[in-house]
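Trainee:
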Amino acid sequence: MVPDRNVGCGHVGCPPYDRRVLPLATLPVDVLKRVFGYDAFRGEQAEIIEHVTGGGDALVLMPTGGGKSLCYQIPALARPGVGVVVSPLIALMQDQVDALRALGVRAGFLNSTQGPEERREVEAAFVEGELDLLYLAPERLRVESTLRLLDRGSIALFAIDEAHCVAQWGHDFRPDYLALSELHERWPDVPRIALTATATAATRAEIATRLDLTEARHFVASFDRPNIQYRIVAKNEPRRQLIELLKNEHAGDAGIVYCLSRASVEKTAEFLVGQGYTALPYHAGLDARTRSENQSRFLREDGVIMVATIAFGMGIDKPDVRFVAHLDLPKSVEGYYQETGRAGRDGLPSTAWLAYGLADVVQQRKMINDSEGDLAHRRRLSQHLDAMLALCETVECRRSQLLAYFGQPGEACGNCDTCLTPPETWDGTVAAQKVLSTVYRLDRERRQRFGAGQIVDILIGRRTPKVEQFNHDQLSVFGVGAELGEPEWRTVVRQLLAQGLLAVEGTYQTFLLTEASREVLYENRTVSLRRDPPRQAKQRSRSARAPQAELSEEAAPLFERLRAWRASVAKEQGLPAYVIFHDATLREIASREPADLTELGTISGVGENKLAKYGDQVLEVLGGSAPAQSPDDTALPLDP
Ligand code: ADP
Ligand code: ZN
Numbered sequence: 107m108v109p110d111r112n113v114g115c116g117h118v119g120c121p122p123y124d125r126r127v128l129p130l131a132t133l134p135v136d137v138l139k140r141v142f143g144y145d146a147f148r149g150e151q152a153e154i155i156e157h158v159t160g161g162g163d164a165l166v167l168m169p170t171g172g173g174k175s176l177c178y179q180i181p182a183l184a185r186p187g188v189g190v191v192v193s194p195l196i197a198l199m200q201d202q203v204d205a206l207r208a209l210g211v212r213a214g215f216l217n218s219t220q221g222p223e224e225r226r227e228v229e230a231a232f233v234e235g236e237l238d239l240l241y242l243a244p245e246r247l248r249v250e251s252t253l254r255l256l257d258r259g260s261i262a263l264f265a266i267d268e269a270h271c272v273a274q275w276g277h278d279f280r281p282d283y284l285a286l287s288e289l290h291e292r293w294p295d296v297p298r299i300a301l302t303a304t305a306t307a308a309t310r311a312e313i314a315t316r317l318d319l320t321e322a323r324h325f326v327a328s329f330d331r332p333n334i335q336y337r338i339v340a341k342n343e344p345r346r347q348l349i350e351l352l353k354n355e356h357a358g359d360a361g362i363v364y365c366l367s368r369a370s371v372e373k374t375a376e377f378l379v380g381q382g383y384t385a386l387p388y389h390a391g392l393d394a395r396t397r398s399e400n401q402s403r404f405l406r407e408d409g410v411i412m413v414a415t416i417a418f419g420m421g422i423d424k425p426d427v428r429f430v431a432h433l434d435l436p437k438s439v440e441g442y443y444q445e446t447g448r449a450g451r452d453g454l455p456s457t458a459w460l461a462y463g464l465a466d467v468v469q470q471r472k473m474i475n476d477s478e479g480d481l482a483h484r485r486r487l488s489q490h491l492d493a494m495l496a497l498c499e500t501v502e503c504r505r506s507q508l509l510a511y512f513g514q515p516g517e518a519c520g521n522c523d524t525c526l527t528p529p530e531t532w533d534g535t536v537a538a539q540k541v542l543s544t545v546y547r548l549d550r551e552r553r554q555r556f557g558a559g560q561i562v563d564i565l566i567g568r569r570t571p572k573v574e575q576f577n578h579d580q581l582s583v584f585g586v587g588a589e590l591g592e593p594e595w596r597t598v599v600r601q602l603l604a605q606g607l608l609a610v611e612g613t614y615q616t617f618l619l620t621e622a623s624r625e626v627l628y629e630n631r632t633v634s635l636r637r638d639p640p641r642q643a644k645q646r647s648r649s650a651r652a653p654q655a656e657l658s659e660e661a662a663p664l665f666e667r668l669r670a671w672r673a674s675v676a677k678e679q680g681l682p683a684y685v686i687f688h689d690a691t692l693r694e695i696a697s698r699e700p701a702d703l704t705e706l707g708t709i710s711g712v713g714e715n716k717l718a719k720y721g722d723q724v725l726e727v728l729g730g731s732a733p734a735q736s737p738d739d740t741a742l743p744l745d746p
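As structure tokens, this is what we get:
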């Protein structure tokens with residue numbers, strides 16, 4: 107649809123919009139270039155945008171970082187009326203709106219964090235058609251007054267972000283999302299676009315049904331995130347392993363460290379601070395102010411490490427998160443994929459690293475056994491965990507396995523740990539039989555609590571006080587496993603648990619045989635086990651890195667100067683640094699050293715608004731002198 111030049115219909119370029127900065131842009135590809143500074147659409151963006159701009163409904167499944175936002179932002183600009191975006195993330199709306207305003211887009215939001223006056227202003231702007239995009243918390247739509255407000259304005263489209271929140275059996279269910287099915291009844295002519303990065307076939311079907319989008323066109327992008335290197339390592343000393351990762355590969359980088367419990371979040375954050383890192387805790391037990399302060403520092407400052415439970419992260423669209431580390435096993439592949447997907451939205455090389463060990467399996471199996479809820483619920487939790495364990499224990503490419511989980515084909519990727527250092531397998535049948543026989547014998551003393559440690563001590567033949575106390579040195583299996591050491595035996599037990607050849611039971615965390623273990627003991631079932639590869643100092647293969655990641659010797663100091671300049675501007679304006687320019691943009695500027703504004707304008711991520719606002723300053727930084735408008739020259743290390 108081509109907007110009419112002469113009416114103030116609310117899209118880019120129309121009065122009362124500031125024409126100086128953003129002349130009328132009609133074709134989506136013009137909006138892309140002029141507003142966002144990008145040259146070409148990615149993947150299916152162009153098709154989605156055309157479909158929605160033309161008034162069609164869409165369900166969009168794209169991985170994090172795939173570029174979902176443009177799929178509704180550009181149609182909202184190209185269609186008459188205001189694009190209404192429903193998002194569950196009220197804490198992030200301010201940042202989202204700030205980022206759009208920095209691009210010259212007229213955006214506002216309505217949520218519970220606002221005072222009445224600010225709310226009235228936004229409402230008036232909406233009714234007058236003086237907004238391009240309006241962000242709304244889903245609970246607002248349950249309020250009749252909001253619905254009446256929407257009736258008074260002209261709506262370009264509804265975008266339902268994080269659409270998986272409508273899936274009741276998903277991990278992010280929000281009851282308020284259920285009401286969104288009514289949008290269609292009330293505004294049948296307004297196109298709707300639902301977007302999510304979480305997407306097994308089951309979740310997708312549930313989203314389509316609940317949001318009344320079964321007739322909508324479905325766009326399913328590849329879920330591959332080639333710039334993320336997936337690595338899952340055997341956990342032995344998790345903190346030391348984490349420090350090694352940070353020191354060797356991610357010095358000075360922003361990242362997220364996920365832990366299962368609030369207590370371990372606190373302890374890990376303290377530990378990292380003690381080691382000289384800027385690390386902040388985030389979990390649901392902290393008061394709202396601390397949470398929002400920590401989140402805001404993570405977004406605004408460079409190189410902050412967020413140590414968090416899974417309460418943190420949805421909708422965090424910080425593009426330069428360089429690593430996501432898990433110190434505990436995620437409960438499902440969906441969760442793992444969602445969390446790791448927060449790394450590397452900017453497309454630059456990033457690491458998804460998980461340390462996982464026997465205790466994780468025991469703990470999670472136990473949590474499921476002890477959990478409330480009916481059998482079906484527990485079975486579903488078990489299935490989720492099994493899929494996660496299969497990913498951890500695989501000897502195949504991690505990425506292919508992840509993609510297969512989302513129903514997509516994939517080949518060995520060359521950028522995951524199993525591709526880079528293929529793990530060996532070995533015939534573990536005899537070892538498995540030894541473990542299972544030991545469990546069988548201990549099973550007779552079920553009321554005692556014997557963990558994996560006792561099993562290993564018996565197999566190796568260690569006369570510990572606990573072994574002697576229960577006369578376990580009298581068992582026929584005592585000492586039959588001298589061929590392996592303790593860590594190897596723990597690995598065997600872990601894999602037996604992961605493969606369902608062994609179970610753990612409730613209160614006493616005792617190990618139990620399963621139907622499948624009987625097959626191994628009595629029916630010649632063979633067991634193939636994975637040998638954990640030795641620790642690697644550094645796994646990143648050069649060829650797997652994005653080309654723009656390696657800066658030349660001349661460009662590197664320039665990049666640092668640009669970053670310092672960006673930090674001072676961000677601070678002055680109270681914006682996250684990436685709202686000024688992304689790392690990827692600064693890297694390209696540093697490498698290409700544009701000589702003038704025209705050349706600067708051709709760099710990806712430099713739209714017209716930003717060129718006008720920051721262009722001269724950037725050129726000055728490149729020229730080696732401090733930009734005149736910089737508020738804080740001391741923040742600029744001009745002479746390295
Ligand atoms: P998602 O919401 O799918 O996680 P975003 O919409 O935040 O992803 O986009 C991820 C990053 O990719 C953002 O930094 C965005 O500016 C950038 N991006 C999106 N589309 C393009 C494009 N066509 N060309 C270049 N960069 C893009
Ligand atoms: Zn691979």
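If you count the sequence shown from 1, you need to add 106 to reach the numbering used here. All C-beta atoms, glycine included, are put in the ideal place defined by N, C-alpha and C.
So what's Ser582 in DSSP terms, helix, strand or just coil?
Mentor: Stepping through the sequence shown from its first residue, residue 582 is reached at position 476. Ser582 falls in the coil class under three-state DSSP.
Trainee: From the DSSP output, which residues share a beta bridge with Met412?
Mentor: The residue labelled residue 412 in the question sits at position 306 within the sequence shown. According to DSSP, which records beta bridges pairwise, Met412 is partnered with Ile362 and Leu386.
Trainee: Scan the stretch 212 to 287 and note each continuous beta strand (DSSP E) run of 3 residues or more that stays entirely inside, going in chain order.
Mentor: Here the runs fully enclosed are 213 to 216, 239 to 242 and 261 to 266.
Trainee: Is the CB-CB distance between Arg337 and Thr457 below 8 Å?
Mentor: By 1-based counting over the sequence shown, the position of residue 337 is 231. By 1-based counting over the sequence shown, the position of residue 457 is 351. In contact: Arg337 and Thr457 (Cβ atoms closer than 8 Å).
Trainee: Looking at the unbroken alpha helix (DSSP H) that takes in Phe665, where does it start and where does it end?
Mentor: In the sequence shown, counting from the first residue as 1, residue 665 sits at position 559. Run containing Phe665: Ala661 to Gln679, per the alpha helix (DSSP H) assignment.
Trainee: With three or more C-beta pairs closer than 8 Å as the rule, is the stretch 233 to 240 touching the stretch 270 to 287?
Mentor: Short answer: they don't touch.
Trainee: Determine the contact status of Gly587 and Trp595, defining contact as a CB-CB distance below 8 Å.
Mentor: Taking the first residue of the sequence shown as 1, we reach residue 587 at position 481. Taking the first residue of the sequence shown as 1, we reach residue 595 at position 489. Yes, Cβ-Cβ distance for Gly587 and Trp595 is below 8 Å.
Trainee: Roughly how many angstroms lie between the CA atoms of Leu725 and Asp201, to the nearest whole one?
Mentor: As a first step, residue 725 must be located in the sequence shown, where it is residue number 619. As a first step, residue 201 must be located in the sequence shown, where it is residue number 95. Using only the alpha carbons, I get a separation of about 27 Å.
Trainee: Assuming Val610 and Leu603 are in contact, meaning their beta carbons sit under 8 Å apart, how far apart are those beta carbons, in whole angstroms?
Mentor: One-based indexing of the sequence shown puts residue 610 at position 504. One-based indexing of the sequence shown puts residue 603 at position 497. The pair is a contact, with the Cβ atoms about 7 Å apart (cut-off 8 Å).
Trainee: How would you label Lys424, buried or exposed, when you count the other beta carbons within 10 angstroms and need 16 or more for buried?
Mentor: As a working note, residue 424 is residue 318 in the sequence shown. Per the 10 Å Cβ criterion, buried.
Trainee: So Glu499 and Arg636 are in contact, right, with Cβ under 8 Å, and what is the actual spacing, rounded?
Mentor: Here residue 499 refers to the residue found at position 393 of the sequence shown. Here residue 636 refers to the residue found at position 530 of the sequence shown. Contact flag correct, Cβ pair sits at about 6 Å.
Trainee: Cα separation between Val712 and Gly557?
Mentor: The residue labelled residue 712 in the question sits at position 606 within the sequence shown. The residue labelled residue 557 in the question sits at position 451 within the sequence shown. So the two alpha carbons sit approximately 59 Å from each other.
Trainee: Which whole-angstrom value describes the C-beta separation of Val427 and Ala449, a residue pair presumed to lie in contact below a C-beta threshold of 8 Å?
Mentor: The sequence position of residue 427 within the sequence shown is 321, counting from 1. The sequence position of residue 449 within the sequence shown is 343, counting from 1. Right, the Cβ-Cβ distance comes to about 5 Å (below 8 Å), so this counts as a contact.
Trainee: With DSSP as the reference, identify every bridge partner of Ile457, one or two as the case may be.
Mentor: Here residue 457 refers to the residue found at position 351 of the sequence shown. It is Thr, not Ile, that sits at residue 457 in the sequence shown. Answer is Gln335 and Phe429, bridged to Thr457.
Trainee: What distance in whole Å lies between the Cβ atoms of His270 and Ile313, which are believed to be in contact at a cut-off of 8 Å?
Mentor: On the sequence shown, residue 313 is found 207 positions in, with the first residue counted as 1. On the sequence shown, residue 270 is found 164 positions in, with the first residue counted as 1. So it is a contact: roughly 6 Å between Cβ atoms.
Trainee: Under the DSSP definition of a beta bridge, which residues are partnered with Asp747?
Mentor: Shown here, the chain extends from 107 to 746; a query on residue 747 therefore has no answer.
Trainee: What distance in whole Å lies between the Cβ atoms of Val633 and Thr535, which are believed to be in contact at a cut-off of 8 Å?
Mentor: Numbered from its first residue, the sequence shown carries residue 535 at position 429. Numbered from its first residue, the sequence shown carries residue 633 at position 527. Going by Cβ atoms, the distance from Thr535 to Val633 rounds to 5 Å, so yes, they are a contact pair.
Trainee: In this structure, how does DSSP classify Tyr144 when only helix, strand and coil are distinguished?
Mentor: As a first step, residue 144 must be located in the sequence shown, where it is residue number 38. Coil.
Trainee: For the beta strand (DSSP E) that Thr302 lies in, which residues bound it at each end?
Mentor: Sequence index remark: in the sequence shown, residue 302 carries index 196 (1-based). From DSSP, the beta strand (DSSP E) with Thr302 extends over Arg298 to Thr302.
Trainee: To the nearest angstrom, how far is it from the Cα of Val562 to the Cα of Phe584?
Mentor: Here residue 562 is taken as the residue at index 456 of the sequence shown, counted from 1. Here residue 584 is taken as the residue at index 478 of the sequence shown, counted from 1. Approximately 10 Å, taken between the alpha carbons.
Trainee: Quick check on the burial criterion: 16 or more other C-beta atoms within 10 angstroms. Buried or exposed for Ala394?
Mentor: As a position in the sequence shown, residue 394 is number 288, starting the count at 1. Result: exposed.
Trainee: In this structure, what does DSSP give as the bridge partners for Arg323?
Mentor: Stepping through the sequence shown from its first residue, residue 323 is reached at position 217. Its beta-bridge partners are Ala164.
Trainee: Count the other CB atoms, across all protein chains shown, that sit within 10 Å of the CB of Cys365; report buried if there are 16 or more and exposed otherwise.
Mentor: On the sequence shown, position 259 is the one that residue 365 refers to. By the 10 Å Cβ count, Cys365 comes out buried.
Trainee: Just the Cα atoms here: how many angstroms apart are Pro663 and Ser175?
Mentor: Counted from its first residue, the sequence shown places residue 663 at position 557. Counted from its first residue, the sequence shown places residue 175 at position 69. One C-alpha to the other measures close to 32 Å.
Trainee: What does DSSP give as the partner residue(s) for Glu629 in the beta ladder?
Mentor: Indexing the sequence shown from 1 puts residue 629 at position 523. In DSSP, Glu629 forms no bridge with anything.
Trainee: Ordered along the chain, which non-local residues of its own chain (more than five positions away) have a Cβ less than 8 Å from that of Tyr546?
Mentor: On the sequence shown, position 440 is the one that residue 546 refers to. Leu619 and Leu627.
Trainee: Does the distance from the CB of Leu195 to the CB of Met420 come in under 8 Å?
Mentor: Numbered from its first residue, the sequence shown carries residue 195 at position 89. Numbered from its first residue, the sequence shown carries residue 420 at position 314. Yes.
Trainee: Would the beta-carbon of Arg368 fall within 8 Å of that of Thr415?
Mentor: The residue labelled residue 368 in the question sits at position 262 within the sequence shown. The residue labelled residue 415 in the question sits at position 309 within the sequence shown. A contact, by the Cβ cut-off of 8 Å.
Trainee: Using a threshold of 7 Å, is the CB atom of Arg140 nearer than that to any non-hydrogen atom of the ligand ADP?
Mentor: Reading the sequence shown from its first residue, position 34 is the one you call residue 140. False, no ligand heavy atom lies under 7 Å from that Cβ.
Trainee: Can you tell me the Cα-Cα spacing of Pro169 and Val675, whole angstroms?
Mentor: Numbered from its first residue, the sequence shown carries residue 169 at position 63. Numbered from its first residue, the sequence shown carries residue 675 at position 569. Near 31 Å, if we compare the C-alpha coordinates of Val675 and Pro169.
Trainee: What residue ranges within the stretch 456 to 532 form continuous beta strand (DSSP E) runs of no fewer than 3 residues, ordered along the chain?
Mentor: 456 to 462, all fully within the stretch 456 to 532.
Trainee: According to DSSP, simplified to helix, strand and coil, what is Phe329?
Mentor: Walking along the sequence shown from the start, residue 329 turns up at place 223. Coil at Phe329, not helix or strand.
Trainee: Is the stretch 153 to 166 close to the stretch 187 to 194, with three or more CB pairs under 8 Å?
Mentor: Counting Cβ pairs under 8 Å, fewer than three are found: no touch.
Trainee: Leaving aside the five residues before and after Ala683 along the sequence, list all residues of the same chain whose C-beta is less than 7 Å from its C-beta, in chain order.
Mentor: Position 577 of the sequence shown, counting from 1, holds the residue named residue 683. Excluding positions up to five away in sequence, the list reads Arg406, Asp408, Arg672, Ala673 and Ala676.
Trainee: Look up Leu618 in the DSSP assignment and say whether it is helix, strand or coil.
Mentor: Counting from one through the sequence shown, the residue named residue 618 turns up at place 512. It is a strand residue.
Trainee: What's the C-alpha gap between Ser697 and Gly149?
Mentor: Counting from 1 along the sequence shown, the entry for residue 697 is found at position 591. Counting from 1 along the sequence shown, the entry for residue 149 is found at position 43. Approximately 26 Å between the Cα atoms of the pair.
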